[in-house]
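*Asks:* Right, I'll just put the structure down here and ask away after.
Residue numbers (the numbering used here), protein chains in the order written: chain A, 1 to 465; chain B, 466 to 930.
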């Protein structure tokens, strides 16, 4: 579908101009004042046009436990999460819809879903997420979350030698599932992508990483993983490898321009140099890192080292929302307390570039997405600057990034297809989604996780608590 | 006006119950299931009832510069703020309305406005804010911001001796203005309070603090001030007093159960003990502290020492919103990275108590406000749990505090008077407010502050940058 946005504000260098934008066959065809109208006319007056952002790391099905998870560090939090995660594909479907909706309503046009798979229904889980994302119309990067070691292996053992239960599925079977998913669902030109995505060094063997590299090479797939989210994982890497996790992944060949790594809180300066050298991308999930007490990722250092950085919400059980503007705001201002020299602080204009072009680069499509550039895909968002949360009028991008905007997305397009118009979804029925989420849940009070009860004391000992 | 809320969810110890709540003559008269209907019926089904929160520190007129302020630390940021703050009373009126509206829409029923006064129109400024807050119907604590030293005195001088311009108004004149404001506007029973509020040790003489103590004693006024927001202020206190700012204020007699202190980022353990001993309240403004790079206030330490803590948004030029739920969320999870022992982390239930009862205690009205208790004033908020941002249903308070709720306030009452009904203001016309904010402002690009240019190099030298 073709359309012409008239008289929208766009940012150019250090100022704003009012301009028209033509979109033809899903691509930005022209950006200039007073263009001829092609296709539908969209009124851009008093609206800000930006490239869509990328929600560069989340786990959609965690939506079912948002608000209820105890205040725990990652390792114990994961135990609680899995104790209460009896998923079915209908729930996967609804939470993928919910994740896409909240991402789009906060300026995201792409989502990287590090998707938790239902054991024994792995391909069905992936098929369900694909269906949901196609329905909403968001650009989807589905990264099926895989591991080949059981949960307790992810906690450093300290002095003691512990034998862990074997994981229920073999490494080979897991890789076969991913390959089948690629063949069945990987359709980049239709906005559906499959990534290889071992959960991280804490629960994956070298064989799993190597198998993923091989799939990535063969099918040209992006690579995703968690990396050094917690201090415990830093300890664990030393126990497992006798070196840092980054050094180990580099030796395995996992790090590349195709690779995006969620969290990256506990890296050394030498690790940072490796990320820069390999052109890997850091996905910053500030809210999750705070909620789980993981720490502050050294984002200013990454930027100074030339490492590409993008933003993610992380799963809604560790955040507990999918509001990308919130992640961008906190992920920008949080770092001001890590460096007294304010000349290094991230400006709102830089935050927008990180969230859009940074996100696209992390998925190896920086040449096709992430900026208002002729010839790029029209993944666009138009913000209503008449909204109270964006008033009085000052710097539109400053208001958007540093304020607390709500209901500000007037229109959103993915690949030129309109997904939100006048603040409403054109693709799905939001009231129905709300009703289904309501009907399939109930208000709960505090729960007790049996696994936390079982592993807590050894965790406290190893972590010196 | 009397009313009965039927079948609302309320939190009781570690669970939720469905109950009715009767409000008679502005007070909570009964809380129990199946009460007789008195007055208007309010449908509380699928809604959460909480006591109203307190936005315990803000500067309303900063709303005019939100989104546009450069990324600078406090001392330079203040210089930019004042360079571009040509206020008039009409602007003061509109930004007070805007501040009240955003506070109410995020669960706040009280606001502490550390109000910037227009030079030469000090009483008119206060009268204007009083008028705005009475119109909206929020409970107002107006803390006229006073000082008796000029801006450059607030920056530590290091080795060099600097002579600062004298402040344009004498200490005595300033105190006379406050006394006149008290006589004219201080009407606690009508929801309008005046506080004594020297801006802080960085710009105030001992005589100003002492004069404020005297007014506080004579008229029974609460006391407010900024305290040790930045490392520069910590340095400055040592230069000025040869001791910490807290020790000095304690000697002056400023600290008491009537005193609330904004920020409190750079206190020593001995300082914290003084706050506890004097029953002073810390107002935590996490977003402003991040944005200005001030640091993380040691809130977990305050709680462990028994210091009362409440939440504030701070002025909208350093945040840049007045969304109290955002301040509560970030002000709760931020501290998880400061203490590896998760047993010290703030739970959502505790956050709600800090924001409501903690706020009331900080204003010396903990016995009249801040909890769902029979006999207390009916400052109440009813949240719509059917909102997408609060779904799926899990723990309602967890969703509210840790999520990113928007448009979730169904109803709000102040002193038993309904201010919001079905999500809409009953007291003012929001569209008109929006239009006036729009009309009196324009989109701006980056500005250059002449004062920043003047003082920046000496600031960088003193701070070792």
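Positions of the beta carbon are idealized from the N, C-alpha and C atoms, including for glycine.
1. Could I get the ranges of all uninterrupted alpha helix (DSSP H) runs contained in the stretch 832-906 of chain B, with 4 residues as the minimum, in chain order?
2. Chain B partners of residue 64 of chain A, CB-CB under 9 Å?
3. On a Cα-Cα basis, can you pick out the residue from B/628, B/727, B/626 and B/497 that is closest to residue 579 of chain B?
4. For a cutoff of 8 Å on Cβ pairs, would you count residue 438 of chain A as touching chain B?
5. Check the Cβ of residue 812 of chain B against every Cβ in chain A and list those closer than 8 Å, keeping chain order.
6. Can you tell me the Cβ-Cβ gap for residue 616 of chain B and residue 543 of chain B, rounded? I've got them flagged as a contact below 8 Å.
7. Output, in chain order, the set of chain B residues within a Cβ distance shorter than 9 Å of residue 217 of chain A.
8. Would you check if the distance between the CB atom of residue 843 of chain B and the CB atom of residue 878 of chain B is smaller than 8 Å?
9. Give me the residue from B/592, B/693, B/522 and B/782 with the minimum Cα distance to residue 529 of chain B.
10. Can you tell me whether residue 172 of chain A is buried or exposed? The criterion is at least 16 other CB atoms within 10 Å of its CB, across all chains shown.
11. Apart from the five residues just before and just after residue 120 of chain A, which ones in its own chain have a Cβ nearer than 7 Å to its Cβ?
12. Flag this pair as yes or no: are the beta carbons of residue 559 of chain B and residue 898 of chain B separated by less than 8 Å?
13. Does any residue of chain B have a CB that is nearer than 8 Å to the CB of residue 445 of chain A?
14. Scan the stretch 654-732 of chain B and note each continuous alpha helix (DSSP H) run of 4 residues or more that stays entirely inside, going in chain order.
15. Exposed or buried, which one is residue 242 of chain A when buried takes at least 16 other CB atoms within 10 Å?
16. Check whether the Cβ of residue 354 of chain A lies closer than 8 Å to any Cβ atom in chain B.
17. Using a Cβ-Cβ cut-off of less than 8 Å, list which residues of the stretch 279-299 of chain A approach chain B; keep chain order.
18. For the stretch 39-98 of chain A, list the alpha helix (DSSP H) runs that are entirely contained and at least 4 residues long, ordered along the chain.
19. So, with DSSP's three-state summary, where would you put residue 912 of chain B?
20. At the level of alpha carbons, what is the spacing between residue 593 of chain B and residue 555 of chain B?
21. If you draw a straight line from the alpha carbon of residue 401 of chain A to that of residue 156 of chain A, how long is it in whole angstroms?
22. For the stretch 762-794 of chain B, enumerate the residues whose C-beta is nearer than 7 Å to any C-beta of chain A, in chain order.
23. Based on the DSSP secondary-structure assignment, which residues constitute the bridge partners of residue 167 of chain A?
24. Are there 16 or more other CB atoms within 10 angstroms of the CB of residue 395 of chain A, so buried, or fewer, so exposed?
25. Is the beta carbon of residue 614 of chain B closer than 8 Å to that of residue 669 of chain B?
26. For residue 54 of chain A, which of A/44, A/417, A/37 and A/111 has the nearest alpha-carbon?
27. Would you mind stating whether residue 222 of chain A and residue 363 of chain A have Cβ atoms separated by less than 8 Å?
28. In whole angstroms, what separates the C-alpha of residue 905 of chain B from that of residue 512 of chain B?
29. Closer than 8 Å, CB to CB, is residue 9 of chain A near chain B or not?
30. Are the CB atoms of residue 320 of chain A and residue 108 of chain A nearer to each other than 8 Å?
31. Which residue marks the beginning of the beta strand (DSSP E) containing residue 485 of chain B, and which one marks its end?
32. Counting pairs of Cβ atoms below 8 Å between the stretch 249-257 of chain A and the stretch 834-841 of chain B, do you hit three or more?
33. Give the residues from the stretch 834-853 of chain B that approach chain A closer than 7 Å (Cβ to any Cβ), ordered along the chain.
34. Quick one: Cα of residue 98 of chain A to Cα of residue 60 of chain A, how far?
35. Where are the beta strand (DSSP E) runs, 3 residues long or more, that stay fully inside the stretch 581-632 of chain B, in chain order?
36. For residue 800 of chain B, does the three-state DSSP call read helix, strand or coil?
*Replies:* Considering the structure as presented:
1. Within the stretch 832-906 of chain B, the complete alpha helix (DSSP H) segments at least 4 residues long are 861-867 and 895-904, listed from N- to C-terminus.
2. Per Cβ cutoff of 9 Å: 857 and 859.
3. Checking every option, the nearest Cα to that of residue 579 of chain B belongs to B/727.
4. With a threshold of 8 Å between beta carbons, residue 438 of chain A makes contact with chain B.
5. Within chain A, the residues near residue 812 of chain B are 71.
6. The Cβ separation is near 7 Å, so the contact holds.
7. Counting only Cβ-Cβ distances below 9 Å, residue 217 of chain A has no contacts in chain B at all, with the closest Cβ about 38 Å away.
8. Cβ distance < 8 Å, so residue 843 of chain B and residue 878 of chain B count as in contact.
9. Nearest to residue 529 of chain B by alpha-carbon distance, out of B/592, B/693, B/522 and B/782, is B/782.
10. Flag for residue 172 of chain A reads exposed.
11. Taken in chain order, the list of residues that qualify is empty.
12. In this structure, residue 559 of chain B places its C-beta atom within 8 Å of the C-beta atom of residue 898 of chain B.
13. So, interface residue.
14. Listed in chain order, they are 671-684, 696-706 and 710-717.
15. Classification of residue 242 of chain A: exposed, given that the 10 Å Cβ count is below 16.
16. Chain B places no beta carbon closer than 8 Å to that of residue 354 of chain A, leaving this residue out of the contacts.
17. Going along the stretch 279-299 of chain A in chain order, one finds 287, 289, 290, 291, 292, 293, 294, 295 and 296 with a Cβ nearer than 8 Å to chain B.
18. Segments of the alpha helix (DSSP H) lying fully in the stretch 39-98 of chain A: 74-83.
19. Of the three classes helix, strand and coil, the one that applies to residue 912 of chain B here is coil, per DSSP.
20. Across the structure, residue 593 of chain B and residue 555 of chain B are spaced so that their CA atoms are roughly 8 Å apart.
21. Straight-line spacing of the CA atoms in residue 401 of chain A and residue 156 of chain A works out to 38 Å.
22. Look at the stretch 762-794 of chain B: the residues with a C-beta under 7 Å from a C-beta of chain A are 785, 786, 788 and 791.
23. Residue 167 of chain A has no beta-bridge partner at all, per DSSP.
24. Here residue 395 of chain A is buried, its C-beta having at least 16 other C-beta atoms within 10 Å.
25. With contacts defined as CB atoms closer than 8 Å, residue 669 of chain B and residue 614 of chain B qualify as a contacting pair.
26. If you compare the alpha carbons of A/44, A/417, A/37 and A/111 with that of residue 54 of chain A, the shortest gap goes to A/111.
27. In contact: residue 222 of chain A and residue 363 of chain A (Cβ atoms closer than 8 Å).
28. Put simply, the backbone Cα of residue 905 of chain B is about 37 Å away from that of residue 512 of chain B.
29. With 8 Å as the cut-off, residue 9 of chain A counts as an interface residue toward chain B.
30. No, these two residues do not count as a Cβ contact at 8 Å.
31. 480-489 is the span of the beta strand (DSSP E), which, as asked, contains residue 485 of chain B.
32. Touching, no, given that fewer than three Cβ pairs across the two stretches are closer than 8 Å.
33. Within the stretch 834-853 of chain B, the qualifying residues are 851 and 853.
34. Answer to the nearest angstrom: the Cα atoms are 8 Å apart.
35. You should have 604-609.
36. Reduced to three states, the DSSP call for residue 800 of chain B is helix.
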